[in-house]
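A.B. asks: This is the structure, below, for whatever I ask next.
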Ligand SMILES: Cc1cc2nc3c(=O)[nH]c(=O)nc-3n(C[C@H](O)[C@H](O)[C@H](O)COP(=O)(O)OP(=O)(O)OC[C@H]3O[C@@H](n4cnc5c(N)ncnc54)[C@H](O)[C@@H]3O)c2cc1C
């Protein structure tokens, strides 16, 4: 029998790798984890956490105006970007240290540096080599920019948290959830924001009512849109004649007319791709399909002792999914209790302003699968909070059911606290609940969530 240095070698200490390594060690495996950047990965260091803190920061801009309707006279404030940025970075740094201490407590050995395969059981980090009985790839993904002229002038979401100066004019290229969230954040923080998208509405793939309602509210908050643009025509140039930092984005609109806008900072939120290039996957003959590691239901690759989880497999790219896949892997292999993750009915949120959240099927997907057997309940109203605070922000809620028993296929919401509400409501979809289960649940009044119990 071969003697390996470790039972398990994990590559990447992000959401998935951390969860898998700690669970495998708790189940008795000798585990090492390699991290080339900061322990914590995308979510903690340059994703969910710093982004949500920026979302919170952006909400304060409405406070003095909203409070005034409630009788409070609070002078309008002014953003100190350096203070906000540094406060977020110090929280990120605290979490980074916390995750390192969790690894120590869990008896997982941390190896700093980027790892690459030497062969199917050997990994190199710098000039050191390590062998392992099993290897888990959890390297996540990174932002990708399209191959268009001047794209080097655009930043990605990673640099959004480190901007040396707050840009007064901010442009976002891309209509996905990351671009839409940053458009709302920057508008809330006081920038003049323009979002440039390929479709008519943001959030391709989401329910059409969600897309329309999010975009309408963004327009009401002062975000400017260029929609249906020809993305191949887009270029960015530095305006040398004026302020050195000014950028000009040029593109053709849907009618083929040339449009130009100027901005101090341009965010390219144009997609993400698995982080595979430094791994030398060919040394271990690991199969890659469409740029992502190909895995089976149990997260094993074509090499039965090598597994992959999280964004590098491009299944559903969300933190809770990477964590669940990591724990399921560890329990299946080291706990001998096979456990597979279902990738259906995963609730997800967009921290746009207002928030959008969804679980289960969109109306379009439900119609595609069940045709006329589906029924849609929908409501749109002005939440009580705004009756005194003023403003035009509406809440939209939607329930999609199928068959005579009205089994709930999907729930969609755009509005205040949508993520918190849909997280709780997602249980109805996972448990196969029906509309009558909601009808039989006593409403909690006055709330927005009660509308899901009383839809007609
Ligand atoms: C701006 C932004 C906002 C987001 N917001 C949300 C949100 O609100 N909710 C949500 O659920 N998800 C969100 N996500 C997605 C979420 O961050 C990812 O789905 C999640 O982090 C994936 O976890 P992972 O373990 O697969 O990879 P990661 O967390 O990316 O971790 C991979 C780690 O591997 C390391 N690594 C890479 N290559 C090597 C190598 N060769 N050797 C050693 N180490 C390596 C990387 O440095 C990284 O630390 C967001 C992402 C972004 C970019």
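Numbering (the UniProt record's numbering), first residue to last: 1 to 456. Even glycine gets a Cβ: it sits at the ideal position worked out from N, Cα and C.
1) Helix or strand or just coil, what does DSSP make of residue 423?
2) Under 6 Å from any heavy atom of ligand 1, does the C-beta of residue 139 make it?
3) Should residue 327 and residue 132 be called a contact, given that it needs their Cβ atoms to be closer than 7 Å?
4) Please name the residue in 393, 416, 270 and 378 whose C-alpha comes closest to that of residue 399.
5) With respect to the beta strand (DSSP E) encompassing residue 226, which residues constitute its N-terminal and C-terminal limits?
6) Run through the segment 348–409 for me and flag every whole alpha helix (DSSP H) of 4 or more residues, listed as ranges in chain order.
7) With respect to the alpha helix (DSSP H) encompassing residue 188, which residues constitute its N-terminal and C-terminal limits?
8) Quick check on residue 70: buried or exposed, where buried means 16 or more other Cβ atoms within 10 Å of its Cβ?
9) Would the beta-carbon of residue 319 be found less than 6 Å away from any heavy atom of ligand 1?
10) Using only alpha-carbon positions, find the residue among 423, 320 and 42 that is nearest to residue 159.
11) Which runs of the alpha helix (DSSP H) at least 4 residues long sit entirely within the segment 66–141? Give them in chain order.
12) Quick check: is any heavy atom of ligand 1 less than 6 Å from the C-beta of residue 114?
13) Check whether the Cβ of residue 146 sits closer than 6 Å to any heavy atom of ligand 1, and report yes or no.
14) Name the two residues that bound the continuous beta strand (DSSP E) containing residue 274.
15) Going straight from the alpha carbon of residue 413 to that of residue 51, what length do you get?
16) Relative to ligand 1, is the shortest distance from any of its heavy atoms to the C-beta of residue 275 smaller than 6 Å?
17) Excluding the five sequence neighbours on either side, which residues of its own chain have a C-beta within less than 6 Å of the C-beta of residue 34, listed in chain order?
18) Can you tell me whether residue 491 is helix, strand or coil according to DSSP?
19) So which of 150, 224 and 192 has the shortest CA-CA distance to residue 232?
20) For the candidate residues 193, 192, 191 and 208, whose alpha-carbon lies nearest to that of residue 199?
21) Measure the alpha-carbon distance for residue 95 versus residue 185 and round it to whole angstroms.
22) Using the three-state DSSP reduction, which class does residue 27 fall into: helix, strand or coil?
23) For residue 80, which residues in the same chain have their Cβ closer than 7 Å to its Cβ, ignoring the five residues on either side in sequence?
24) State the Cα-Cα distance for the pair residue 448 and residue 401, rounded to the nearest angstrom.
25) Are the Cβ atoms of residue 270 and residue 167 separated by less than 7 Å?
26) Closest by CA to residue 45, which one among 7, 91 and 74?
27) Within 10 Å of its beta-carbon, does residue 154 have 16 or more other beta-carbons around it, so buried, or fewer, so exposed?
28) Under the DSSP definition of a beta bridge, which residues are partnered with residue 192?
C.D. replies: Working from what's here:
1) Three-state result, residue 423: helix.
2) For ligand 1, a non-hydrogen atom lies closer than 6 Å to the CB of residue 139.
3) Their beta carbons are not under 7 Å apart, which means residue 327 does not touch residue 132 by this criterion.
4) If we check each option's Cα against that of residue 399, 378 comes out closest.
5) In the DSSP annotation of this structure, the continuous segment of the beta strand (DSSP E) that includes residue 226 starts and ends at 224–226.
6) You should have 363–370 and 385–389.
7) Segment 177–188, the alpha helix (DSSP H) holding residue 188.
8) For residue 70, the number of other beta carbons within 10 angstroms of its own is below 16, and it is reported as exposed.
9) For residue 319, the Cβ falls inside the 6 Å cut-off from some heavy atom of ligand 1.
10) Among 423, 320 and 42, the Cα nearest to that of residue 159 is on 42.
11) Within the segment 66–141, the alpha helix (DSSP H) runs of at least 4 residues that lie entirely inside it are, in chain order, 81–105.
12) In this structure, residue 114 has its beta carbon less than 6 Å from a heavy atom of ligand 1.
13) Exclusion of residue 146 from the 6 Å shell around ligand 1 follows from its C-beta lying no nearer than that to any non-hydrogen atom of the ligand.
14) Per DSSP, residue 274 belongs to the beta strand (DSSP E) from 272–274.
15) Their Cα atoms are separated by approximately 21 Å.
16) Remark: the C-beta of residue 275 is in contact range of ligand 1, defined as less than 6 Å to any heavy atom.
17) Contacts found: 11, 111, 115 and 125.
18) Given that the chain is displayed from residue 1 to residue 456, the structure contains no residue 491 and the question cannot be resolved.
19) Nearest C-alpha to residue 232: 150.
20) Considering only alpha carbons, the answer is 208.
21) Each residue's alpha carbon lies about 22 Å from the other.
22) Residue state, collapsed to three classes: coil.
23) No residues qualify anywhere along the chain.
24) The straight-line gap from Cα to Cα measures roughly 20 Å.
25) Going by C-beta atoms, residue 270 is not nearer than 7 Å to residue 167.
26) In terms of CA proximity to residue 45, 91 leads the group 7, 91 and 74.
27) A buried status is given to residue 154, since no fewer than 16 other beta-carbon atoms sit within 10 Å of its beta-carbon.
28) Its beta-bridge partners are 169.
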